[in-house]
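Converting from the sequence shown to my numbering requires adding 488 to each position, the first position being numbered 1.
Virtual Cβ for every residue (Gly too), placed ideally from N, Cα, C.
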Amino acid sequence: MQQVLELIEQKKQEFAQVALFKFMQDQSINPRRRLAWAPCAAHFIMNFGELNKYFLRVEPTNDPIQTLINKHTYEDDHHWLWFLEDLKNLEFDKSVNFSEALKFLWSEETKNARCLNYQLYRYTSQATPIQKIIVIEVTESTGNIMFSTASEIGKEIKAITQKPCRYFADFHLNVETGHMTSLSGIEQFLQDIQLSEENRQEAFELVENLFTAFTQFTNELLVYAKTHQIEQELKAA
Ligand SMILES: [Fe+2]
489 MQQVLELIEQ KKQEFAQVAL FKFMQDQSIN PRRRLAWAPC AAHFIMNFGE LNKYFLRVEP
549 TNDPIQTLIN KHTYEDDHHW LWFLEDLKNL EFDKSVNFSE ALKFLWSEET KNARCLNYQL
609 YRYTSQATPI QKIIVIEVTE STGNIMFSTA SEIGKEIKAI TQKPCRYFAD FHLNVETGHM
669 TSLSGIEQFL QDIQLSEENR QEAFELVENL FTAFTQFTNE LLVYAKTHQI EQELKAA
């Protein structure tokens, strides 16, 4: 398993270099514009709770690894509530007809968000606890990069509006530690898991495919942020 975790770490460093994060770090752009991709991420963010509740979590269980996974899912299954709060905070909570909202969520311009969900479901549906742990480690590492960048923007916005963000904030980053819910010794425990050659190759493929799906997702978010005008800048409180 150690080689799999090393590959995840290497892919995480590459992921940190994608164009979306450069855009989000560019302080010459208004901070709200740097988060203007938020509506495009909705399908993924809303489904991430479901992934935790209905795919990663299995109860009851006697399996010690599944027990750790279950614990982790209770941390990660409700972050979408903070996202909805921030949509309001950031004034991205526009009124649209129900049919328009559905068309948007299933449109071409939000396709990669859905494809990322489908890949995550593919790799967690009827998966072994080890496969699920690998999925969690990948999602935690991408989440850690995203929220360490987004929380900085959240601070800039708070300085303007005096309204704290919750999703795009340290509040969120503090629970996206980059790894499974931190329990003492968990990293060593994971490293010591022995995988067969076949399982290791499958794990490498899973890691590569998920990072590809996450990267395509960020590319889609960047296009969306650059091509959708936001109507007005946030006003100072
Ligand atoms: Fe989260």
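**OP:** Counting only the same chain and skipping the five closest in sequence on each side, list residues whose C-beta sits under 7 angstroms from that of PRO617.
**Re:** Answer for PRO617: ASP551, ILE553, GLN554 and ILE557, listed in chain order.
Original post:
Residues with a Cβ closer than 6 angstroms to any heavy atom of ligand 1, in chain order?
Top reply: ASP564, HIS567, GLY631, HIS660 and GLU664
**OP:** State yes or no: is the C-beta of HIS660 within less than 9 angstroms of the C-beta of TRP525?
**Re:** no
**OP:** Name the residue from PHE511, LEU709, PHE543 and ASN535 whose alpha carbon lies nearest to the alpha carbon of TYR611.
**Re:** PHE543
Original post:
What's the call for GLU494, buried or exposed, on a 16-neighbour Cβ count within 10 Å?
Top reply: exposed
**OP:** Please determine if the region 617 to 631 and the region 640 to 656 are in contact, where contact requires at least 3 C-beta pairs separated by less than 8 angstroms.
**Re:** Counting Cβ pairs under 8 angstroms, fewer than three are found: no touch.
Original post:
Between the region 671 to 688 and the region 595 to 611, are three or more C-beta pairs nearer than 8 angstroms?
Top reply: no
Original post:
From GLN515, ALA529, ALA507 and ALA701, pick the residue whose C-alpha is nearest to that of VAL623; which is it?
Top reply: ALA701
**OP:** Rounded to whole angstroms, what's the CA-CA distance from SER613 to ILE718? Just pull it up for me.
**Re:** 38 angstroms
Original post:
Since ASN464 contacts GLN619 with CB under 8 angstroms, what's their CB separation in whole angstroms?
Top reply: The shown model of the chain, from 489 to 725, leaves out residue 464, and the question about it has no answer.
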